[in-house]
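> Respectively, the protein sequence lines represent chains G and Z. So the number in my numbering is just where the residue sits in the first sequence, counting from 1, plus 80. So the number in my numbering is just where the residue sits in the second sequence, counting from 1, plus 8. Right, I'll just put the structure down here and ask away after.
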Amino acid sequence: MLQKAAARLLSRPTVAAASSAAATMLTKHRPFSTDLAAAPTLDQTFVEAWRKVVPNLDPPKTPLSFLKPRPPVPSSIPPKLTVNFYLPYSSELSGKEVDMVIVPATTGQMGVLPGHVGTIAELKPGVLSVHEGNDVTKYFVSSGFAFIHPNSVTDIIAVEAVPIDRIDSSQVQKGLVEFTHKLNSASTDYEKAEAQIAVDVYSALNSALTG
Amino acid sequence: MAMAALKREGKRFAPLISPNPINVLRSSLLPSQEETSLSVRYISTQIVRNRMKSVKNIQKITKAMKMVAASKLRQIQSKAENSRGLWQPFTALLGDTPSIDVKKTVVITISSDKGLCGGINSTSVKISRAVHKLNSGPDKEASYVILGEKAKVQLIRDSKKDIELTMTELQKNPLNYTQISVLADDILKNVQFDALKIVFNKFNSVVSFIPTLTTVLSPEIVERETEAGGKLGALDSYEIEGGETKSEILQNLTEFQFSCVMFNAVMENACSEQGARMSAMDSSSRNAGEMLDRLTLTYNRTRQASITTELIEIISGASALEG
Chain G
81 MLQKAAARLL SRPTVAAASS AAATMLTKHR PFSTDLAAAP TLDQTFVEAW
131 RKVVPNLDPP KTPLSFLKPR PPVPSSIPPK LTVNFYLPYS SELSGKEVDM
181 VIVPATTGQM GVLPGHVGTI AELKPGVLSV HEGNDVTKYF VSSGFAFIHP
231 NSVTDIIAVE AVPIDRIDSS QVQKGLVEFT HKLNSASTDY EKAEAQIAVD
281 VYSALNSALT G
Chain Z
9 MAMAALKREG KRFAPLISPN PINVLRSSLL PSQEETSLSV RYISTQIVRN
59 RMKSVKNIQK ITKAMKMVAA SKLRQIQSKA ENSRGLWQPF TALLGDTPSI
109 DVKKTVVITI SSDKGLCGGI NSTSVKISRA VHKLNSGPDK EASYVILGEK
159 AKVQLIRDSK KDIELTMTEL QKNPLNYTQI SVLADDILKN VQFDALKIVF
209 NKFNSVVSFI PTLTTVLSPE IVERETEAGG KLGALDSYEI EGGETKSEIL
259 QNLTEFQFSC VMFNAVMENA CSEQGARMSA MDSSSRNAGE MLDRLTLTYN
309 RTRQASITTE LIEIISGASA LEG
């Protein structure tokens, strides 16, 4: 078995050497990574317009070239949901396959299952829970957006998120009292809005810890 | 014996007189050379020694700068790589439309504050100028928002009237999302735009930086494009969760997209700056090392030549006395 494998390994370079052009040999046996790209990586109209105006400079790359390819909309409902949870400082979850996520949308907790219709949801401060089999991971997210794509991929982008067990309840109570007080004594509209936002966040934190 | 030594020295003098790689050195030291009719006196070793000392100091400084840039790069690279997930969902949802036709484009150029970082700032400025040109025409106009001192200096020379806003000293405190979102808010409040084009250098590796152009559209243009169909046509099929209207959510969405994309762009550019500085300082120290080698050779030659000349004078004087 090993000998056969060794023989195969040895035969490959000789086959390669036997063929005439070196360049074509390489592409026949080892495709370059660029050959495998299926999704469009360049906006052709942009490149052409660029070349007309500035022929001497190479056109800059656009995010299309760096985008990870997304799966197309499947015909039947897939068994699992793919979740991407991004924060400015880390990608908490990237391409994780889960059963369900519950996102804190502005209209309330929204459950997302595979095959959910495409939705754009704005998030309010609240609890995000990720259900995988019997494990439930809960995060408190500050706010952000959730995109649910028809191909059962969900993107959640938030500004800040902490796992629930890292929140200190005494600080939450203190903050809630302080900002309720500030809200009542606020004079300008701006201060009122600030205090209102803080009160919302702290009450959401409170309910997250208790509920 | 002395004649042989003289002949040998004659051969060694020739390189000093003929054109050679240390031409520059010679031209700067020319005043100290004395030329007699028959032979050439040499550069004083003192001058060469001073030059060697200064080149050695430069080498030390550039090596230190390289180490500093390497450590800063390490710190910021992990943060930049973590922020890479941030823009992907937006491009997946809204697509990427760099060739969109709008009336008012704002080109946001991201550059560094400090110099000595290779050619990345010039590249960014060249690309911004080209994007500006692409988007200027009879019924459309473009303007600049500049982040960073280096691009400001370059663009203020010929496009002063097109600059709307400049921001410098971004990296006084370590970059964070709050700072960038305040910046983004500033830009959104003070600048009218239909499309924002952000020009920055994406960090690919320590030696490679890719100039990149990201587009962020205003909510009105997004609506226009969804109605027109095409790339953003699929956006209509998405339901809006919540009681708000589509345009309200689009407003928040584009503002959030702008701040996320800016954050990623600024982090990547900072990484590229440190990486470019590392490689610039590295080649600079290497050049200084080579220069030092050549100077050392010159110094040794000069020293030996002066010793030999002394010896010759003594010997010929002594032999003349003997008769």
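Ideal Cβ positions, reconstructed from N, Cα and C, are used throughout, including at glycine.
Just verifying my parser: in three-state terms, what is the DSSP assignment at Pro-243 of chain G?
Numbered from 1 along the first sequence, position 163 holds the residue referred to as residue 243 of chain G. Pro-243 of chain G falls in the strand class under three-state DSSP.
> Spatial neighbours of Val-153 of chain Z within its chain, please: CB distance less than 7 Å, with the 5 preceding and 5 following residues excluded, ordered by chain position.
Counting from one through the second sequence, the residue named residue 153 of chain Z turns up at place 145. Hits under 7 Å: Val-114, Ile-116, Glu-172, Leu-173, Ile-195 and Val-199.
> Counting Cβ pairs, one atom from each stretch, are 3 or more of them under 8 Å apart for the stretch 303-314 of chain Z and the stretch 212-232 of chain Z?
no
> Tell me the DSSP bridge mates of Tyr-152 of chain Z?
Taking the first residue of the second sequence as 1, we reach residue 152 of chain Z at position 144. The partner list for Tyr-152 of chain Z (beta bridge, DSSP) reads Z:Val-115 and Z:Ile-171.
> Closest Cβ-Cβ distance between Ala-118 of chain G and chain Z: below 9 Å?
As a first step, residue 118 of chain G must be located in the first sequence, where it is residue number 38. In this prediction, Ala-118 of chain G scores a pLDDT of 47, lower than 50, which makes its location untrustworthy; the coordinate-derived value is nonetheless stated afterwards. For Ala-118 of chain G, the answer is no, since every Cβ of chain Z falls outside 9 Å of its Cβ.
> Which residues of chain G have a Cβ atom closer than 8 Å to the Cβ of Glu-247 of chain Z, listed in chain order?
The count along the second sequence starts at 1 and reaches residue 247 of chain Z at position 239. Per Cβ cutoff of 8 Å: Val-197, Gly-198, Thr-199 and Ile-200.
> Can you grab the Cα-Cα spacing for the pair Val-197 of chain G / Gly-191 of chain G, in whole Å?
Locating residue 197 of chain G in the first sequence gives position 117, where the first residue counts as 1. Locating residue 191 of chain G in the first sequence gives position 111, where the first residue counts as 1. Computed Cα separation, rounded: 12 Å.
> In chain order, what residues of the same chain have a beta carbon less than 8 Å from the beta carbon of Met-275 of chain Z, not counting five sequence neighbours either side?
Position 267 of the second sequence, counted from the first residue, corresponds to residue 275 of chain Z. Ile-84, Lys-87, Ala-88, Ser-91 and Leu-183.
> For a contact defined as C-beta to C-beta under 9 Å, what are the partners of Ala-241 of chain G on chain Z?
For this step, residue 241 of chain G is matched to residue 161 along the first sequence. In chain order: nothing, as chain Z lies at least about 12 Å away.
> From Val-257 of chain G to Thr-268 of chain G, what does the alpha carbon distance come to, in whole angstroms?
Residue 257 of chain G sits at position 177 when you count from the first residue of the first sequence. Residue 268 of chain G sits at position 188 when you count from the first residue of the first sequence. Their Cα atoms are separated by approximately 20 Å.
> Measuring only the C-alpha atoms, how far is Leu-258 of chain Z from Thr-199 of chain G?
Counting from 1 along the second sequence, the entry for residue 258 of chain Z is found at position 250. Counting from 1 along the first sequence, the entry for residue 199 of chain G is found at position 119. Taking the straight line from one Cα to the other gives about 13 Å.
> Measuring straight from C-alpha to C-alpha, what distance separates Leu-329 of chain Z and Ser-314 of chain Z?
Sequence index remark: in the second sequence, residue 329 of chain Z carries index 321 (1-based). Sequence index remark: in the second sequence, residue 314 of chain Z carries index 306 (1-based). Straight-line Cα distance between these residues: approximately 23 Å.
> Using only the alpha-carbon positions, how far apart do Arg-82 of chain Z and Thr-253 of chain Z sit?
As a working mapping, residue 82 of chain Z is identified with position 74 in the second sequence. As a working mapping, residue 253 of chain Z is identified with position 245 in the second sequence. Cα to Cα, Arg-82 of chain Z sits roughly 45 Å from Thr-253 of chain Z.
> With a cut-off of 8 Å on the beta carbons, I'd call Leu-94 of chain Z and Tyr-166 of chain G a contact; round off their distance for me.
For the purposes of this step, residue 94 of chain Z is taken as residue 86 along the second sequence, with counting starting at 1. For the purposes of this step, residue 166 of chain G is taken as residue 86 along the first sequence, with counting starting at 1. Confirmed, Cβ separation roughly 5 Å.
> Taking the C-alpha atoms as reference points, what is the distance between Ala-266 of chain G and Val-242 of chain G?
Locating residue 266 of chain G in the first sequence gives position 186, counting from the first residue. Locating residue 242 of chain G in the first sequence gives position 162, counting from the first residue. If you take the alpha carbons of Ala-266 of chain G and Val-242 of chain G, they lie about 29 Å apart.
> Does the count of Cβ pairs from the stretch 117-133 of chain Z and the stretch 270-285 of chain Z closer than 8 Å reach three?
yes
> What would DSSP say about Phe-201 of chain Z, mapped onto helix, strand or coil?
What you label residue 201 of chain Z is simply residue 193 of the second sequence in a count that begins at 1. In the structure shown, Phe-201 of chain Z sits in coil (DSSP, three-state: anything other than H, G, I, E or B).
> Pull up the distance between the alpha-carbon of Ala-226 of chain G and that of Gly-255 of chain G, whole angstroms please.
Here residue 226 of chain G refers to the residue found at position 146 when the first sequence is read from its first residue. Here residue 255 of chain G refers to the residue found at position 175 when the first sequence is read from its first residue. Approximately 27 Å, taken between the alpha carbons.
> Which one or two residues does DSSP pair with Asp-215 of chain G in a beta bridge?
Locating residue 215 of chain G in the first sequence gives position 135, counting from the first residue. Looking at the DSSP assignment, Asp-215 of chain G forms a beta bridge with G:Glu-212.
> Given a threshold of 16 other Cβ atoms within 10 Å of its Cβ, counted over all protein chains shown, does Glu-177 of chain Z qualify as buried or as exposed?
The count along the second sequence starts at 1 and reaches residue 177 of chain Z at position 169. Exposed, by the Cβ-count rule.
> For a test of the three-state rule: what should DSSP assign to Ser-170 of chain G, helix, strand or coil?
On the first sequence, position 90 is the one that residue 170 of chain G refers to. Looking at Ser-170 of chain G - three-state DSSP - the assignment turns out to be coil, as it is neither helix nor strand.
> Could you compute how far the alpha carbon of Gly-175 of chain G sits from the alpha carbon of Ser-255 of chain Z?
Taking the first residue of the first sequence as position 1, residue 175 of chain G is located at position 95. Taking the first residue of the second sequence as position 1, residue 255 of chain Z is located at position 247. Roughly 30 Å separates the two Cα atoms.
> Between the C-alpha atoms of Ile-248 of chain Z and Ser-167 of chain Z, what's the straight-line distance to the nearest angstrom?
Here residue 248 of chain Z refers to the residue found at position 240 when the second sequence is read from its first residue. Here residue 167 of chain Z refers to the residue found at position 159 when the second sequence is read from its first residue. Going by the C-alpha atoms only, they are around 42 Å apart.
> For Ala-273 of chain G, does the three-state DSSP call read helix, strand or coil?
On the first sequence, position 193 is the one that residue 273 of chain G refers to. Ala-273 of chain G: helix per DSSP, three-state reduction.
> Judging by CA-CA distance, which residue of G:Thr-125, G:Asp-138 and G:Tyr-270 is the nearest neighbour of Ala-138 of chain Z?
Your numbering for residue 138 of chain Z matches position 130 in the second sequence. Per the Cα distances, G:Asp-138.
> I believe Pro-184 of chain G touches Val-221 of chain G by the beta-carbon criterion, under 8 Å. Please report the beta-carbon distance rounded to the nearest angstrom.
One-based indexing of the first sequence puts residue 184 of chain G at position 104. One-based indexing of the first sequence puts residue 221 of chain G at position 141. That belief holds up - the Cβ atoms of Pro-184 of chain G and Val-221 of chain G are roughly 7 Å apart, short of 8 Å.
> Please classify Ala-266 of chain G: does DSSP put it in a helix, a strand, or coil?
Within the first sequence, numbered from 1, the residue matching residue 266 of chain G stands at position 186. If DSSP states are grouped into helix, strand and coil, Ala-266 of chain G belongs with coil.
> Given this structure, state the Cα-to-Cα distance separating Thr-223 of chain Z from Leu-303 of chain Z, to the nearest angstrom.
As a working mapping, residue 223 of chain Z is identified with position 215 in the second sequence. As a working mapping, residue 303 of chain Z is identified with position 295 in the second sequence. In a straight line, the C-alpha of Thr-223 of chain Z is about 52 Å away from that of Leu-303 of chain Z.
> Identify each residue in the stretch 101-118 of chain Z for which the Cβ-Cβ distance to at least one residue of chain G is less than 7 Å, and report them in chain order.
Contact residues of the stretch 101-118 of chain Z toward chain G are Leu-101, Asp-104, Pro-106 and Ser-107 (C-beta to C-beta distance below 7 Å).
> Drop a sphere of 10 angstroms on the beta-carbon of Pro-106 of chain Z, count the other beta-carbons inside from all chains shown, and report buried for 16 or more, exposed for fewer.
Stepping through the second sequence from its first residue, residue 106 of chain Z is reached at position 98. Buried, because 16 or more other Cβ atoms sit within 10 Å of the Cβ of Pro-106 of chain Z.
> Checking 9 Å against the spacing of the C-beta atoms, do Ser-136 of chain Z and Phe-211 of chain Z come in under that value?
The count along the second sequence starts at 1 and reaches residue 136 of chain Z at position 128. The count along the second sequence starts at 1 and reaches residue 211 of chain Z at position 203. No, these two residues do not count as a Cβ contact at 9 Å.
> Straight-line CA distance for Ala-102 of chain G to Thr-99 of chain Z?
As a working mapping, residue 102 of chain G is identified with position 22 in the first sequence. As a working mapping, residue 99 of chain Z is identified with position 91 in the second sequence. Below a pLDDT of 50, predicted positions are generally treated as unreliable, and Ala-102 of chain G, at 43, falls in that range; the measurement from the model is reported next regardless. Rounded to whole angstroms, Ala-102 of chain G and Thr-99 of chain Z show a C-alpha spacing of 39 Å.
> What are the residues in the stretch 75-96 of chain Z lying within 8 Å of chain G by C-beta distance?
Answer set for the stretch 75-96 of chain Z: Lys-87, Asn-90, Ser-91, Arg-92, Gly-93, Leu-94, Trp-95 and Gln-96.
> Within 10 Å of its beta-carbon, does Glu-321 of chain Z have 16 or more other beta-carbons around it, so buried, or fewer, so exposed?
The sequence position of residue 321 of chain Z within the second sequence is 313, counting from 1. Exposed, since its Cβ has fewer than 16 Cβ neighbours within 10 Å.
> Is there a Cβ of chain Z sitting closer than 9 Å to that of Pro-194 of chain G, yes or no?
Walking along the first sequence from the start, residue 194 of chain G turns up at place 114. It does not; no Cβ of chain Z falls within 9 Å.
> For Glu-252 of chain Z, which of helix, strand or coil comes out of DSSP?
Taking the first residue of the second sequence as 1, we reach residue 252 of chain Z at position 244. Look at Glu-252 of chain Z here: in three-state DSSP terms it is coil, with no helix or strand label.
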